[in-house]
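Engineer: The opening residue of the sequence shown carries number 31 in this note's numbering; numbering runs sequentially from there. Note that the Cβ used here is the ideal one computed from N, Cα and C, for glycine as well.
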Amino acid sequence: MKNIIFINKFNFILGILSVIITYLPGILIGEFAIIFIKAIGTIFNIIIGFIESISPIPPAYVRGFFDVVFEAFSLTAIGRSIGVAFIIFIPILLFRKFTKLNINWLPSIIILIPILIWFGGIRQIERYAELYEGIYFVSISAGFILGTFLPLYFAHMFSKEVERKNK
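The structure is reproduced here in structure tokens:
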């Protein structure tokens, strides 16, 4: 009986430990997602370039500055979202599916925010600040911000919904 009370009182520790375990695979999955999306985009660009080269009609679409900036934003946001969603949603779904424990996920989310900002955001932004300038740098930074906080917000909403259903 004391073990059950202890687990119910300190159930957030299991959430923090599971998020720590999925942190590195989540970051790697996010980076691989960016690489995969870039590869698919390159294949599409090659196909479109080939079709434009054999077409007697001049191309109506030229890749411009806005496209490059939007691509940087979208690739960063999508890859980061996939990684952060893996970090937080895999433990939530595994504990929900295979255990009957009601884990408080809010401490995990709160601890994950500064870790993701420092290790994922600030270090990456410092790296990109040396490489890029102006609006391209801003678009990559906005992609990191959106890709970090949107999955955490959805995880918080999902965990509140699960808590409400369990009561």
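How do the segment 69-81 and the segment 115-123 stand: do at least 3 beta-carbon pairs fall below 8 Å, yes or no?
Structural biologist: Touching, no.
Engineer: How about S138 and V192: are their beta carbons less than 8 Å apart?
Structural biologist: Counting from 1 along the sequence shown, the entry for residue 138 is found at position 108. Counting from 1 along the sequence shown, the entry for residue 192 is found at position 162. No.
Engineer: What is the DSSP secondary structure of E191, reduced to helix, strand or coil?
Structural biologist: For this step, residue 191 is matched to residue 161 along the sequence shown. E191 falls in the helix class under three-state DSSP.
Engineer: Can you name the start and end residues of the alpha helix (DSSP H) that N75 belongs to?
Structural biologist: The residue you call residue 75 lines up with position 45 of the sequence shown. First-last of the alpha helix (DSSP H) with N75: 41-84.
Engineer: By the three-class DSSP mapping on this structure, what secondary structure does W148 have?
Structural biologist: What you label residue 148 is simply residue 118 of the sequence shown in a count that begins at 1. Helix at W148.
Engineer: Considering only C-alpha positions, which residue in the set E61, I57, F100 is nearest to Y166?
Structural biologist: Taking the sequence shown and counting its residues from 1, one reaches residue 166 at position 136. Checking every option, the nearest Cα to that of Y166 belongs to F100.
Engineer: Let me know the secondary structure DSSP gives K127 once reduced to three states.
Structural biologist: As a working note, residue 127 is residue 97 in the sequence shown. K127 falls in the helix class under three-state DSSP.
Engineer: Would you report the Cα separation of E156 and I147, rounded to the nearest angstrom?
Structural biologist: On the sequence shown, residue 156 is found 126 positions in, with the first residue counted as 1. On the sequence shown, residue 147 is found 117 positions in, with the first residue counted as 1. Cα to Cα, E156 sits roughly 12 Å from I147.
Engineer: May I ask you to report which of helix, strand or coil DSSP gives I87?
Structural biologist: Working through the sequence shown from its first residue, we reach residue 87 at position 57. Coil, per DSSP.
Engineer: Considering Cα atoms alone, identify which of L136, F42, K130, Y53 is closest to A115.
Structural biologist: Position 85 of the sequence shown, counting from 1, holds the residue named residue 115. The shortest C-alpha separation from A115 is found at Y53.
Engineer: In whole angstroms, what is the alpha-carbon distance linking I76 and L136?
Structural biologist: Locating residue 76 in the sequence shown gives position 46, counting from the first residue. Locating residue 136 in the sequence shown gives position 106, counting from the first residue. Each residue's alpha carbon lies about 45 Å from the other.
Engineer: Using CA atoms only, rank isn't needed, just tell me which of P144, G113, K190 is closest to P181.
Structural biologist: Position 151 of the sequence shown holds residue 181. When each option's Cα is compared against that of P181, the closest is G113.
Engineer: Relative to the C-alpha of P144, which candidate in I78, K130, I175, N132 has its C-alpha closest?
Structural biologist: Within the sequence shown, numbered from 1, the residue matching residue 144 stands at position 114. Nearest of I78, K130, I175, N132 to P144, Cα basis: I175.
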